[in-house]
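Since the structure comes first, as structure tokens, the remarks are kept for the end.
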Amino acid sequence: SFENVGFIGLGNMGSRMANNLLKAGYKMTVHDVNCNVMKKYSDMGVSTKQTPFEVAEASDVVITMLPSSSHVLNVYNGPDGLLQGGDLLTPQLFIDSSTIDPQTSRKLAVSVSNCILKEKKENWENPVMLDAPVSGGVVAAEAGSLTFMVGGSEDVYLAAKSLLLSMGKNAIFCGGPGNGSVAKICNNLAMAISMLGLSEALALGQSLGITASTLTKIFNSSSARCWSSDSYNPVPGVMQGVPSSRNYSGGFASKLMAKDLNLAAASAEEVGQRCPLTFLAQNIYTEICKDGHETEDFSCVFQHYYSGKSE
Ligand code: NAD
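Just so you know, full-length UniProt numbering puts 305 at position 268 of the sequence shown, and the rest follows in order with no gaps.
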């Protein structure tokens, strides 16, 4: 069992996840490059450290929730990084919940397993790593209802499950190292493409004379029904309580979607998988960001790419 939990990356997602771990009673040590964030935690009485390595020294398990692969690599392998002095590490387990490319997750898992534990635990000779990206966004992070997609060894996943369930409602084992990252980028790829397809169909329908509300009703009781149509409709006025009903604010930013599509496109090239729609979706979201909508929710693709119309 893990008592001392280190947490690095206390941004939109990480701060909420760390708060749920505090509520669950874990002893926390945290680090972020943002001094204001660090001050907030030290004011709350949480132990804060200046470097990832100092967090590692105080922790049985370290969780990272950082923007992208380069930040994760820096926190693990950089000077004063988590794996500094890799022949004698304190944490048994490293969990990275950032959305990063699967190849980086796999390389890190190898680097971690090549290190040695300062104090050997029963059945646990070397430190181990799980990639455990999340689905759910800040609302689910706050409510502790995230879904974790976990790659690594199954025994380690089972050992970490109760820790993960302090921050989420689901943890799904995806297979070997990197498979959590694979699941995450593929989920977001499918979500991006279904949002684009739905937006295109709704825009065409409107141009041909049917309202988006009527067309959505048809889709939701027909074969075009999808999460984008029935839970996250992109046309202003069709649904309440979704980003399209509040000028596309407060959802999943287009720039984050563009980042995830870049990961999917790069991974597709690496393995030589044909993914024509991935590249098209990547271009569309890159364009939307360039046009100044990068902080708007990704459903703004309806408004800014397909149509100027709303209900
Ligand atoms: P964020 O930018 O709000 O937070 C990142 C935090 O990491 C910041 O506080 C930043 O100061 C800190 N940081 C950056 N570099 C650092 C370093 N070298 N050392 C220590 N701290 C450092 O990002 P976020 O929205 O919390 O997202 C984090 C990850 O979760 C991303 O990979 C994102 O794709 C993924 N994600 C986000 C959402 C969402 O809705 N926001 C949903 C699912 C997954």
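C-beta: ideal position from N, C-alpha, C; glycine also.
Runs of alpha helix (DSSP H) wholly within the stretch 258 to 310 (minimum 4 residues, chain order) | Within the stretch 258 to 310, the alpha helix (DSSP H) runs of at least 4 residues that lie entirely inside it are, in chain order, 264 to 267 and 291 to 308.
Buried versus exposed call for Gln-310 [16 or more other C-beta atoms within 10 Å across all chains shown] = That one is exposed.
How many whole angstroms separate the CB atoms of Val-193 and Ile-100, which I take to be in contact at a CB cut-off of 8 Å?
-> 14 Å between Cβ atoms; not a contact.
Does the stretch 314 to 328 come close enough to the stretch 278 to 297 that 3 or more CB-CB pairs lie under 8 Å?
-> Verdict: yes, contact present.
Can you tell me whether DSSP reads Cys-337 as helix, strand or coil?
-> In the structure shown, Cys-337 sits in a helix (DSSP, three-state: H, G or I).
With burial defined as no fewer than 16 other Cβ atoms inside 10 Å of the residue's Cβ, what is the status of Leu-119: buried or exposed?
-> It is buried - the Cβ of Leu-119 has at least 16 other Cβ atoms within 10 Å.
Cα separation between Asp-168 and Tyr-113?
-> Roughly 13 Å between the two C-alpha positions.
Rounded to whole angstroms, what's the CA-CA distance from Ala-196 to Val-149? Just pull it up for me.
-> Distance from the CA of Ala-196 to the CA of Val-149, rounded to the nearest whole angstrom, comes to 17 Å.
Just reading off the alpha helix (DSSP H) that Cys-223 is part of, what are its end residues?
-> Residues 216 to 244.
Would you call the stretch 220 to 234 and the stretch 257 to 275 in contact, with 3 or more CB pairs under 8 Å?
-> Yes, since at least three Cβ pairs between the stretch 220 to 234 and the stretch 257 to 275 fall closer than 8 Å, the two stretches touch.
May I ask you to verify whether the stretch 128 to 139 touches the stretch 87 to 99, counting CB pairs closer than 8 Å and requiring at least 3?
-> Yes, they touch.
Of the choices Gly-48, Ile-137, Gly-246 and Glu-179, whose alpha-carbon is the least far from that of Met-186?
-> If you compare the alpha carbons of Gly-48, Ile-137, Gly-246 and Glu-179 with that of Met-186, the shortest gap goes to Ile-137.
Out of Gln-121, Asp-124 and Ser-336, which has the shortest C-alpha to C-alpha gap to Ala-240?
-> When Gln-121, Asp-124 and Ser-336 are compared, the shortest CA-CA separation from Ala-240 is found for Ser-336.
Going by the beta-carbon positions, is the gap between Leu-233 and Val-338 smaller than 8 Å?
-> Yes, the Cβ-Cβ distance between Leu-233 and Val-338 is below 8 Å.
Quick one: is the Cβ of Thr-136 within less than 7 Å of any heavy atom of the ligand NAD?
-> Yes, since a heavy atom of the ligand NAD falls inside the 7 Å radius drawn around the Cβ of Thr-136.
Determine the burial state of Arg-283: buried for a count of at least 16 other Cβ atoms within 10 Å of its Cβ, exposed for fewer.
-> With fewer than 16 Cβ atoms within 10 Å of its Cβ, Arg-283 is classed as exposed.
At which residue ranges does the stretch 134 to 175 contain complete beta strand (DSSP E) runs of 3 or more residues, listed in the order of the chain?
-> If we require 3 residues or more, the beta strand (DSSP E) runs fully inside the stretch 134 to 175 come out as 165 to 168.
What first and last residue would you give for the beta strand (DSSP E) that runs through Asn-207?
-> Start and end: 205 to 212.
Please name the residue, chosen from Gly-173, Thr-251, Val-67 and Asp-124, that lies closest to Asp-80 on a Cα-to-Cα basis.
-> Asp-80 has its Cα closest to that of Val-67, out of Gly-173, Thr-251, Val-67 and Asp-124.
Let me know if Lys-254 comes out buried or exposed under the rule of 16 or more other beta-carbons within 10 Å of its beta-carbon.
-> Looking at its Cβ environment, which holds fewer than 16 other Cβ atoms inside 10 Å, Lys-254 is exposed.
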